[in-house]
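Quick note on numbering: the sequence shown equals residues 231 to 574 in the working numbering. For every residue, glycine included, the Cβ atom is placed at its ideal position computed from N, Cα and C. Everything numeric in this text was worked out from a predicted model, so none of it was measured. Below you'll find the structure, written out as structure tokens, and then a few comments.
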Amino acid sequence: MMIIMQPGASKSQVAHVINHIEENNLFAHVIEGVEQTIIGAVGESHAVPKEIFEVLPGVLSVTRISQPYKLGSRQFHPENSVFSLDGFAVGGDEIAIIAGPCSVESRTQLLEIAQAVREAGANALRGGVFKPRTSPYVFQGLGEEGLEYLAEARELTGMPIVAEIMAVSQVDVMVKYVDVLQVGARNMQNYNLLRAIGETRTSVLLKRGLSATIEELLMASEYILSGGNTRVMLCERGIRTFETATRNTTDINAIPVLKSLTHLPVILDPSHSTGDSAYVASIAKAAVAAGADGLIIEVHNDPSHALSDGRQSLTPENFAKLVRQVKAVAEAVDRKLAPVKANL
Ligand code: PEP
Ligand code: MN
């Protein structure tokens, strides 16, 4: 339920409404606009009549949100959500580019790639340290040692860092080191993990599950939003289809569909969606043309020796070329690339 306060409603009227929401075992989420305050009342609200809020002083109107996803819906929050990430904003006019290796493999590997992607135009650095590998017998990531290298790379380049979290037990250590918690495709429906991340105030990149619908992705994001963490970006990374020519099938449709259903920023991962470095640039350009707010791209200084996802990793040179082309596409759709940090 969405409770729209009258313009100029007082703080005590807002507090009174929040009290009422909580007395009815619902959670209140307040959006303070310039002119008006909107309060979302979420939980098992179907059993609560909206009339009990309509009569409260300062309330202008009460509407039920028709979609099953509430806090992420455009109905609740018509404007795009824009949030800043150390030096740039996601979700506004600018397109953010996150780049880096699939896995952090060593200090030298990471620092070299970090500098190369920043010079080529990346705004943020990615690198996995807890890796969700299909086989338990292959490289599983460096764990906390990898987080130390990521922190050093941030120090060196000024770029915020993005790394995948796989378990609730990793929340404390991850929050200490990273700027963005990536929830991988395989964990999109790990509801305990989503709730734990909802309790943090660290930004999140929530990837779509391998065979999850758009609605399931939006419902997963509600687990984080309802904990009070509003800094959520959604990421299309390809879905399983009958097609075997590529690792996954990029659901380009998901970009405009998500942009119409939700106010959350939408990011595309053409590396995992294609699984082949030969196709990454084409799909990256298509995504920006389709309205994506950002890209996350795997880059490796020696792709043929990468410990994971080498086949889909771009060399720094090819990544630099992609950035130049993406810039032109962004301008064609009245957007621009987010500014790259000046030399520190
Ligand atoms: C990754 O980003 O390296 C990764 C494992 O992605 P996904 O969860 O989309 O497969
Ligand atoms: Mn990968």
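Query: Reduced DSSP secondary structure (H/G/I, E/B, other) of lysine 551; Result: helix
Query: Buried or exposed by the 16-neighbour rule on C-beta atoms within 10 Å, applied to glutamate 445; Result: exposed
Query: Local conformation of arginine 477 per DSSP, three classes; Result: coil
Query: Euclidean distance between Cα positions of serine 524 and tyrosine 407; Result: The question names serine, yet the displayed sequence has glycine at residue 524. If you take the alpha carbons of glycine 524 and tyrosine 407, they lie about 22 Å apart.
Query: C-beta neighbour in chain B for serine 314, strict 8 Å; Result: Among the chains in the structure shown there is no chain B, since it carries only a single protein chain.
Query: Near ligand 1: alanine 354 beta-carbon under 7 Å from a heavy atom; Result: no
Query: Test item: CB-CB of leucine 341 and glycine 357 under 8 Å; Result: no
Query: Test item, CB below 7 Å from any non-hydrogen atom of ligand 2; Result: Cys332, Gly358, Ser501, His502, Glu528, Ser538 and Asp539
Query: Arginine 467 CB to nearest heavy atom of ligand 1 below 7 Å; Result: yes
Query: C-alpha distance - isoleucine 526 paired with phenylalanine 313, whole-angstrom precision; Result: 17 Å
Query: Same chain, Cβ closer than 7 Å to leucine 488, five either side skipped, listed in chain order; Result: Ile444, Leu464 and Val496
Query: Opening and closing residue of the alpha helix (DSSP H) in which arginine 348 lies; Result: 337-350
Query: CB-CB length for glycine 468 against serine 503, believed under 8 Å; Result: 3 Å
Query: Completely contained alpha helix (DSSP H) runs for the region 240-303, where each covers 4 or more residues; Result: 241-253 and 281-284
Query: Residues that phenylalanine 313 bridges to, as DSSP identifies them; Result: Val320
Query: Span of the beta strand (DSSP E), counted from its first residue to its last, around isoleucine 485; Result: Run containing isoleucine 485: none in the beta strand (DSSP E); it sits in the alpha helix (DSSP H), 484-491.
Query: Assigned secondary structure, leucine 435 (DSSP; H/G/I helix, E/B strand, else coil); Result: strand
Query: Distance, asparagine 531 Cα to serine 433 Cα; Result: 27 Å
Query: Buried versus exposed call for alanine 354 [16 or more other C-beta atoms within 10 Å across all chains shown]; Result: buried
Query: CB of alanine 277 within 8 Å of CB of valine 529, strictly; Result: no
Query: Contact under 8 Å by Cβ, leucine 301 with valine 272; Result: yes
Query: Proximity test, glutamate 284 beta-carbon vs ligand 1 heavy atom, cut-off 7 Å; Result: no
Query: Residues near alanine 484 in its chain [Cβ-Cβ closer than 6 Å; skip 5 each side]; Result: Ile444 and Glu466
Query: Cβ-heavy atom distance, glycine 317 to ligand 1, below 7 Å; Result: no
Query: First through last residue of the beta strand (DSSP E) which encompasses isoleucine 469; Result: Element bounds for isoleucine 469: n/a, residue is neither H nor E.
Query: Which listed residue (Lys571, Asn459 and Ala516) has its alpha carbon closest to that of glutamate 563; Result: It is worth fixing the name first, because residue 563 is valine in this sequence and not glutamate. Among Lys571, Asn459 and Ala516, the Cα nearest to that of valine 563 belongs to Ala516.
Query: For aspartate 506 and alanine 258, the rounded distance between their alpha carbons; Result: 45 Å
Query: Contact under 8 Å by Cβ, valine 392 with leucine 372; Result: no
Query: Valine 518, DSSP secondary structure in three states; Result: helix
Query: For glycine 371, the three-state DSSP class (helix, strand or coil); Result: coil
Query: Boundaries of the alpha helix (DSSP H) in which valine 405 is found, first to last residue; Result: 401-407
Query: Segment limits, alpha helix (DSSP H) that includes glutamate 446; Result: 444-455
Query: Own chain, CB closer than 7 Å to tyrosine 509, minus 5 neighbours either side, in chain order; Result: Thr476
Query: Cβ neighbour criterion (16 or more within 10 Å) applied to asparagine 249; Result: exposed
Query: Boundaries (first-last residue) of the beta strand (DSSP E) holding alanine 426; Result: Premise fails: alanine 426 lies in the alpha helix (DSSP H), 421-428, not in any beta strand (DSSP E).
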